[in-house]
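Using my numbering, read the sequence shown as starting at 21 and increasing by one per residue.
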Amino acid sequence: MSTTLSELATAPPPPAAPGATVPPAATDRAAGSARGTKRRARLAPPRWLSLVAILAVWQLAGSTGALPADVLASPATIAVTAWHLLVTGQLVEALGVSLGRVGLGLATGLLAGTALGLATGLSRWGDALLDPPLQALRTLPHLGLVPLFILWFGIGEFPKVLLIALGVMFPIYLNLHSAVRGVDRALLEVAAVNGLGGWRTLREVVFPSVTAPMLVALRQALAIAWLTLIVSEQVNANAGLGYMINNARDFLQTDVIVVGLVVYAVLGLVSDGIVRAAEHRILAWRAGTVLR
């Protein structure tokens with residue numbers, strides 16, 4: 021069969037013969053490119069340099085008066101204030117109150133979201149009866165319920181904890197509901213054929229299948245919990261980090277305000293890191309696919 025010019029033009033190049041060597045010029049170009057990449061990497065500035073520059077400019081502006089303390093305190097002043105709040109116990113006391121609120125709200129929201137997610141995911145009746153009102157309630161901004169919660173429950177601890185629980189419940193519910201609905205039906209059929217009861221099916225089939233989505237939901241719930249805590253503590257609170265920040269606002273103590281915000285940020289990062297570490301440990305069997 022004859023070969024046309026167009027076929028010759030579009031045909032792939034023939035494979036290299038066994039034992040063929042790469043031309044020296046190509047090897048030199050590759051080595052030169054690798055050396056250039058390494059040289060550029062060495063010349064690139066450290067990632068922390070920009071942060072140090074920002075802090076230095078911030079400190080200089082505060083020291084010279086270009087940035088008044090009642091607008092934003094300097095980093096040195098903030099560090100001294102943080103140390104003072106720590107050694108006097110004010111920061112520890114406020115932190116304990118805030119951790120108690122977010123812990124109780126998180127636990128309540130986790131239990132409620134898990135129960136509702138299982139009820140609607142495993143039962144068609146539960147899905148038909150519970151999912152529509154829950155989806156309608158989910159569309160409401162839960163932070164917008166603060167005025168109603170104050171009218172209904174007063175200004176004590178209960179409305180603050182309930183607000184956190186409400187914010188936490190929905191990411192848990194939505195992820196669990198979707199994950200349970202997505203469990204492989206073949207696994208459920210195998211469990212039924214082997215005579216596994218309801219609890220053993222949950223423990224050995226459903227729970228392992230929904231672990232990964234639940235850990236993702238927990239990270240989302242933690243972020244919402246800290247955000248809700250900030251808002252709830254600044255509305256008629258008499259203790260906690262938000263109360264400390266509110267008092268500092270009244271006296272134009274921007275250093276105390278920044279300390280409180282930094283503590284909130286650290287709490288969020290630490291809690292997220294704990295869940296991520298648990299995720300790596302619990303889902304170690306998936307190391308070849310997702311945990312690289």
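Glycine included, C-beta positions come from ideal geometry on N, C-alpha and C.
- For I244, the uninterrupted alpha helix (DSSP H) segment begins and ends at F227 to E253.
- The Cβ atoms of G262 and Q254 lie closer than 8 angstroms to each other.
- Around D90, the same chain offers L272 and T274 as residues with beta carbons nearer than 7 angstroms, after the five sequence neighbours per side are excluded.
- In the DSSP assignment, T128 falls within the alpha helix (DSSP H) that extends over Q110 to L142.
- For D275, the enclosing alpha helix (DSSP H) has its first and last residue at T274 to I302.
- V91 carries a coil assignment under DSSP once its states are collapsed to helix, strand and coil.
- Excluding residues up to 5 positions away in sequence, L235 lie with their Cβ nearer than 8 angstroms to the Cβ of A298 in the same chain.
- Between A102 and V279 the beta-carbon gap is near 5 angstroms, inside 8 angstroms, which marks them as a contact.
- Following the DSSP letters along the chain, one finds N266 inside the alpha helix (DSSP H) bounded by residues L261 to D270.
- Contact between the region 141-156 and the region 110-120 is absent: fewer than three C-beta pairs spanning the two stretches fall below 8 angstroms.
- With a cut-off of 8 angstroms on Cβ pairs, the region 191-200 is in contact with the region 124-137, counting three or more such pairs.
- For R67, there is no enclosing alpha helix (DSSP H), as DSSP marks it with neither H nor E.
- Here DSSP, grouped into helix, strand and coil, assigns T159 to coil.
- Nearest C-alpha to L303 among A93, V230, I250 and L247: V230.
- L168 counts as exposed, since fewer than 16 other beta carbons sit within 10 angstroms of its beta carbon.
- For G85, no alpha helix (DSSP H) run applies, since DSSP gives it neither H nor E.
- For a cut-off of 8 angstroms, the C-beta gap from G125 to A185 is around 5 angstroms, short enough to register as a contact.
- Taking all protein chains in view, the Cβ of W246 is crowded by 16 or more other Cβ atoms within 10 Å, so the residue is classified as buried.
- For Q79 and L105, the gap between their C-alpha atoms comes out near 21 angstroms.
- Just so you know, the alpha carbons of A86 and A93 end up roughly 11 angstroms apart.
- Shown here for R269: same chain residues with a beta carbon closer than 7 angstroms to its own, the five before and five after excluded, namely I277 in chain order.
- Here the C-alpha atom of A96 lies approximately 15 angstroms from the C-alpha atom of L71.
- Between L163 and V251, the C-beta gap is smaller than 8 angstroms, which places the two residues in contact.
- Residues of the same chain with a CB within less than 7 angstroms of the CB of A232, apart from the 5 flanking positions on each side, are L303 in chain order.
- The C-beta of L182 has 16 or more other C-beta atoms within 10 Å across all chains shown, which makes the residue buried.
- In the three-state scheme derived from DSSP, where H, G and I count as helix and E and B as strand, I98 is classed as helix.
- About 6 angstroms separates the beta carbon of L136 from that of L150, a gap short enough to meet the 8 angstroms contact definition.
- Counting other Cβ atoms within 10 Å of its Cβ, G123 stays below 16 and is therefore classed as exposed.
- Rounded to the nearest whole angstrom, the CA to CA distance from L289 to Q240 is 12 angstroms.
- Taken through DSSP and simplified to helix, strand or coil, V166 comes out as helix.
- Around the CB of R296, fewer than 16 other CB atoms lie within 10 Å, so the residue is classed as exposed.
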